[in-house]
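Numbering (the working numbering), first residue to last: -1 to 466.
Using N, Cα and C, we set each Cβ at its ideal position, and we do this for glycine too.
Report on one structure; see the data block that follows.
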Ligand code: SF4
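In structure tokens:
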């Protein structure tokens, strides 16, 4: 029998650092308000924040096991109609290095994954108007015919919104049109939907960085339709660029609200399984060419306010004109800012099961530390990565290294599937990491593609007007 979802109550009268409040949050008895979430992000001592997030993670997942998955990230095309300013991956169709992978290449990649015991593909691409619906249907059917055991986690919400534009399906509302497309893709073999393209939901930030990409409502509507159809999804956030800290909390709040909606309206059906956040990688991107905040004297003054913080509100309705430098200054997030943000996400998102560590961009050891800051999943043994590695240094870890990182953090590593059921718990001597004699052959590989950034599609300034 499915239980009825009752979100925990808010207790906004308490100070965010009140131990009684945080104990109740850890127990799942009280929900943090957005103001308390922001207060924690800005004011809580780093290790205190980590301890509360870790305690919450242990309440949900226990003290023993932390997980990873073996999957392959396949980017089937880099042709894209959008011009996100943080993206070094996209190409125009007539660029010399534009590509769309053919079916044989895609099947070969999946075969290689299957051969090493992988269970899932994460397949996303640019938004390529040259590919008709039948191209996707045939691809999905072909995958399921050849690899019925491989879970297909594919097509992020911005791709779905462009499917609606490209395929012009029948329907009166966006949700109707999405449902028409999604049902067909699901019948052909699509199993679940990844949370790519979340970035930051608040309108002023999204309008600056996600040029040609869907807005927050459309993104959330895609996921709502997926949940209604019984599919699991994930949510993501990319921070550490032009946004204010309140924007991050607003982003988490929208995920939490729409998760409540999924759990209430579609009990026992689809919902968000995981939340993963990571800092923006600047190399090779137009956005990364902005000047970093705090490099001139007036920006170092005690009363200087980062433009993103001046614009951001907890309701996501800030006015881009409230600071003349909004969208012109970057505030990159380092390791501690990443750990703080992730820890707050664990405490805010009381209705999300898993928080993923972001070692792909932060490096394996910060990913390992993240297991003490609310993360309970190390994500994927990566066979390839293209989108983020086009924008900066990223890392590639094999299964023994991931298992070792988890074990050295004090947990038993376990391979999971896409719904977080455990496939193999590695507590015996035959565990992948315990079989290794020579670790010099198992170093984390650095991936980095040095390319020339395409020119910024619009001037990144307030005077350029509302970028849409
Ligand atoms: S981030 Fe995705 S949607 Fe945006 S330009 Fe790059 S490939 Fe296109």
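Look at the region 17 to 74 and you find these whole runs of beta strand (DSSP E), each 3 residues long or longer: 63 to 73. Excluding its 5 nearest sequence neighbours in each direction, residue 262 has C-beta neighbours in its own chain below 7 Å: 3, listed in chain order. Spanning the alpha carbons of residue 42 and residue 15 requires a straight line of approximately 7 Å.
In the same chain as residue 231, and ignoring 5 residues on each side of it, the C-beta atoms closer than 8 Å to its own belong to 190, 191, 192, 193, 221, 224, 225, 268, 269, 270 and 271, in chain order.
Taking 8 Å as the upper bound for CB-CB distance, residue 360 and residue 333 are in contact here, some 6 Å apart. A straight-line Cα-Cα distance of about 37 Å links residue 129 and residue 347. Relative to the Cα of residue 234, the nearest Cα in the group 131, 278, 264 and 107 belongs to 278.
Counting the other CB atoms within 10 Å of its CB gives residue 317 a total below 16, which places it among the exposed residues. Comparing C-alpha distances from residue 371 to each of 7, 89, 48 and 201 shows the shortest one belongs to 48. In the DSSP annotation of this structure, the continuous segment of the alpha helix (DSSP H) that includes residue 257 starts and ends at 243 to 263.
When only Cα atoms are considered, residue 274 and residue 236 end up about 9 Å apart.
Rounded to whole angstroms, the gap between the alpha carbons of residue 296 and residue 326 is 15 Å. Between the alpha carbons of residue 11 and residue 29 lies a gap of roughly 12 Å. Ligand 1 has a heavy atom closer than 7 Å to the beta-carbon of residue 125.
Between ligand 1 and residue 268, a heavy atom-to-CB distance of less than 7 Å is absent. For residue 134, same chain residues with a beta-carbon under 7 Å away, outside a window of 5 residues either side, are 183 in chain order.
Between residue 80 and residue 89 a beta carbon distance of about 12 Å is seen, past the 8 Å cut, so the two are scored as non-contacting. For residue 353, there is no enclosing alpha helix (DSSP H); the enclosing beta strand (DSSP E) covers residues 352 to 354.
C-alpha of residue 412 to C-alpha of residue 68: approximately 11 Å in a straight line. Note on geometry: alpha-carbon atoms of residue 78 and residue 105 lie some 22 Å from one another. Residue 378 and residue 71 do touch by the CB rule: their CB atoms are close to 7 Å apart, below 8 Å. Minimum Cα-Cα distance from residue 7 among the listed residues 408, 299, 349 and 422 corresponds to 349.
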